[in-house]
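To start, the structure under review is shown below, and the notes come after it.
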Amino acid sequence: MCVDFTDLNKTCPKDSSPLPRIDQLVDAIAGHELLSFMDAYSGYNQIRMNKADEEKTSFTTDQGLYCYKVMPFGLKNAGATYQRLVNRMFARQIGKNMEVYVDDMLTKSTTAEKHTEDLKETFDVLRKYQMKLNPSKCVFGVPSRRFLGF
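According to the UniProt record's numbering, the sequence shown is numbered sequentially starting from 1.
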């Protein structure tokens, strides 16, 4: 089932929160020995709606009334809202041993020996916020020279 959020999107102001620049993220991995790439499973659908906002995303079908309990994908500010969420979740790690672009996460380590520790820190945060990963889109322990050389 597809829901058209055109009217809702027209009434909402644009969230001007910027997304990270890809070229800066690529530059940020320079000097790191190992990288792990993670992708959040159904990213936006992991953000719970504020209880008071659920009725604003309700819709009617011939089978009844439905309310979104999670953020629907078609909302205008979903990307900026999701980026703000992951920025808060990983605030202690971003720039240090992690980079995040919406639902794509990268754990980076200056040495191979430190990578397990850096991944543990990432997984502790993911577990705390109950964020799920899509295992088919995750790759762990990639040497940075391989990534930068494609």
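Where is the CB? At the ideal position from N, CA and C, for every residue including glycine.
Sequence-distant partners of residue 95 (beyond 5 residues in either direction) whose C-beta falls short of 8 Å from its own C-beta, in its chain, are 28. Within the model, the alpha-carbon separation for residue 85 versus residue 140 is close to 23 Å. Counted as a single uninterrupted DSSP element, the stretch harbouring residue 81 is not any beta strand (DSSP E) but the alpha helix (DSSP H) occupying residues 78-89. According to the DSSP assignment, residue 99 belongs to no alpha helix (DSSP H) but to the beta strand (DSSP E) extending over 98-101.
By the beta-carbon neighbour count (other beta carbons within 10 angstroms, threshold 16), residue 129 is exposed. Separation of the CB atoms of residue 32 and residue 116 is rounded to 14 Å, and the pair is thereby denied contact status at 8 Å. Taken through DSSP and simplified to helix, strand or coil, residue 132 comes out as coil.
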